[in-house]
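Asks: Submitted below is the structure of interest, expressed as C-alpha cells.
Numbering (this note's numbering), first residue to last: 87 to 521.
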C-alpha cells in the first residue's frame with residue numbers, strides 16, 4: 087500500500103477549486119512514493135459548495151476515471167494536513183490505495199448487509215460513517231451500524247451545513263433494484279465506507295472538556311432531568327461545584343452557560359478507556375459522552391441535560407478547556423505513534439521466550455501511516471485552540487507530514503456512540519517495509 091494522494095484548495099468558484107485539487111492529485115500520483123491508480127476517494131466540502139454538490143462530484147469523477155468509488159460529506163469547516171478551512175469555500179480530497187475487494191461504499195440505496203457480510207463474500211470489519219444530524223433515532227442507528235461490522239467499531243461524524251446537508255456515496259458495486267438512477271449525492275440518513283479486515287486502521291477519540299468536580303452516580307432521573315447525584319439533589323451539587331447561587335443570577339449565568347456534563351453509562355465502559363486514571367489527571371476517556379446543560383428545575387432541585395440518562399450512569403460536571411483539549415490531542419497522537427512501533431524486548435525477555443514465541447514476536451513489523459481522517463467538533467478548530475489552523479497544526483507536529491483530510495462535524499462518531507466537543511483521529515497504516 088502506497089501513500090494516499092491528497093489535495094485541498096479554496097476558491098469562490100467550485101470549478102476553480104476543483105482544478106487546483108486535480109493538479110495537486112495528478113502531481114502526487116505521478117511521484118514514486120504515492121499510489122498511481124487508487125479506486126476510492128474521500129471528498130469533503132464546505133457548505134459554500136453544497137448546492138453544487140452533484141455537478142462537483144460529476145466533474146471530479148470525469149477527471150479521475152480511475153476512481154470508481156466516492157464517499158464524503160459537507161461541513162461548515164473542513165480539514166487537511168496542517169490547515170483548516172472555516173466559513174470559506176473549500177474542498178479536500180484523498181485517494182485511498184485500497185483494493186476494491188477491501189471496502190464497500192454504502193448508502194440508503196446501497197446498504198451494508200445486516201450481517202456485515204455481503205453476497206460477494208465481503209466482510210465489514212469497521213466503517214467510516216457520515217450522517218445527517220436530523221435523522222430520527224440517530225444514536226440507535228449508529229449502534230445498529232456498528233453491529234453490522236465484525237469489530238463493532240465505527241468512526242465519522244454528522245454533516246454540518248447552513249444549506250444542504252449533503253453526503254457523497256457513489257458505489258461501483260451498484261445499487262438496490264430500482265435505484266439505478268441515484269446520483270451519488272444524498273440528503274438525510276447515513277452513508278460511508280465499510281473496510282474489510284485487511285485494511286489496517288488505528289483510531290482514537292480526543293476529548294475537549296475537562297471535569298470541574300468529582301464523578302458521581304445518578305441516583306434519580308426523569309427523562310432528561312437529573313434529580314439525584316449520589317443521593318443528593320442534583321441542583322445543589324451543581325451550585326456547589328460551580329460555586330454559584332441562584333440568588334445572584336448575573337454572576338451565576340456565565341458559569342452556567344459554560345457548564346457541560348460528562349456521562350458514562352455502565353454499558354459504555356470501553357476496554358481502551360482507563361477512566362479512573364484519566365479522570366484523576368483532569369481528563370476524560372473515550373467512554374465519556376459530553377452533553378449540554380439545558381436548564382434548571384428549582385422546584386424539583388433538578389438539572390436538565392441534553393440526554394436521557396438512566397439511573398446508575400456516572401456524571402461529572404465539566405467545561406470546555408483549551409489546554410486540556412490540546413494535551414489530550416497530543417496524547418492520542420502519541421498513542422497512535424506508539425501503536426505503530428514494534429515493542430522492543432529486553433535481552434532477558436527475549437532469552438526467556440521459546441523459538442516459536444520469539445518468531446511470533448519478531449513478526450510484527452513497524453507500521454507507517456499512509457493516510458488519515460480527522461473529524462472534529464465544529465466548536466473546536468482554530469477558534470477554540472486560539473489561532474487559525476492551530477488544531478490541525480498540533481496533529482501535524484505530532485504525526486508528521488501525513489496525508490490527512492476531514493471535516494468539522496455537528497457530532498462525532500466513534501465506537502458505537504455519538505460524541506460532542508471531541509475529535510476522532512483515524513490513520514490507515516501499512517508495514518514500513520511495503521510501498
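No residue lacks a Cβ here, since even glycine has one placed at the ideal position from N, Cα and C.
I'd like to confirm the pairing. Which residues does DSSP put opposite residue 517 in its beta bridges?
Replies: According to DSSP, which records beta bridges pairwise, residue 517 is partnered with 453.
Asks: Determine whether the beta carbon atoms of residue 458 and residue 427 lie at a separation below 9 Å.
Replies: For residue 458 and residue 427, no; Cβs fall outside 9 Å.
Asks: Identify every residue that forms a DSSP beta bridge with residue 180.
Replies: Paired residues: 92 and 128.
Asks: From which residue to which residue does the alpha helix (DSSP H) around residue 414 run?
Replies: Run containing residue 414: 408-426, per the alpha helix (DSSP H) assignment.
Asks: Quick one: what's got a C-beta closer than 8 Å to residue 106's C-beta in the same chain, skipping five residues either side?
Replies: Answer for residue 106: 93, 95 and 97, listed in chain order.
Asks: Answer with buried or exposed for residue 516, where buried requires no fewer than 16 other C-beta atoms within 10 angstroms of its C-beta.
Replies: Per the 10 Å Cβ criterion, buried.
Asks: For residue 504, I'd like the list of residues in its chain whose CB is within less than 7 Å of its CB, leaving aside the five on either flank, ordered along the chain.
Replies: 224, 225, 228 and 497, listed in sequence order.
Asks: Counting beta carbon pairs with one atom in the segment 242-262 and one in the segment 174-184, are three or more of them shorter than 8 Å?
Replies: The segment 174-184, when compared against the segment 242-262, does not touch it at the 8 Å Cβ threshold.
Asks: Could you check whether the segment 228-239 touches the segment 208-219, counting it as contact only if at least three pairs of C-beta atoms, one from each stretch, sit closer than 8 Å?
Replies: Taking 8 Å as the limit for Cβ pairs, the verdict is that the segment 208-219 does touch the segment 228-239.
Asks: Could you spell out where the beta strand (DSSP E) holding residue 253 opens and where it closes?
Replies: Element bounds for residue 253: 252-256.
Asks: How far does the alpha helix (DSSP H) with residue 226 in it extend, from its first residue to its last?
Replies: Taken as a continuous stretch (DSSP letters only), the alpha helix (DSSP H) holding residue 226 covers 224-233.
Asks: In the DSSP assignment, find the unbroken alpha helix (DSSP H) run with residue 471 in it and report its ends.
Replies: Here the alpha helix (DSSP H) through residue 471 covers 467-471.
Asks: Could you check what DSSP says for residue 478 in three-state terms: helix, strand or coil?
Replies: In this structure, residue 478 counts as helix in the three-state DSSP scheme.
Asks: Would you report the Cα separation of residue 169 and residue 138, rounded to the nearest angstrom?
Replies: C-alpha separation (whole angstroms): 24 Å.
Asks: Under 9 Å, do residue 278 and residue 347 count as touching if we go by C-beta distance?
Replies: Contact: no.
Asks: For the candidate residues 195, 128, 108 and 91, whose alpha-carbon lies nearest to that of residue 118?
Replies: Taking only the C-alpha atoms, the option nearest residue 118 is 91.
Asks: State the CB to CB distance for the pair residue 281 and residue 499, rounded to an integer number of angstroms; the pair is presumed to be in contact (CB under 8 Å).
Replies: With a Cβ gap of about 15 Å, residue 281 and residue 499 do not count as contacting.
Asks: Taking 8 Å as the cut-off, does the segment 302-317 touch the segment 406-423 (at least 3 CB pairs, one atom from each stretch)?
Replies: The segment 406-423 is not in contact with the segment 302-317.
Asks: So, for residue 384: in the same chain, excluding its five sequence neighbours on each side, which residues have a beta-carbon less than 8 Å away from its beta-carbon?
Replies: Excluding sequence neighbours, residue 384 sits near 321 and 332.
Asks: Report yes if the CB atom of residue 293 is closer than 9 Å to the CB atom of residue 192, and no otherwise.
Replies: Against a cut-off of 9 Å, the Cβ pair of residue 192 and residue 293 comes out as no contact.
Asks: Give the DSSP bridge partners of residue 508, in chain order.
Replies: Per DSSP, 293.
Asks: What is the rounded straight-line gap between the Cα of residue 382 and the Cα of residue 326?
Replies: Whole-angstrom Cα-Cα distance: 14 Å.
Asks: If you drop the 5 nearest sequence neighbours on each side, which residues of the same chain put their C-beta closer than 6 Å to that of residue 340?
Replies: Once the five neighbours on either side are set aside, residue 340 has no close Cβ partner at all.
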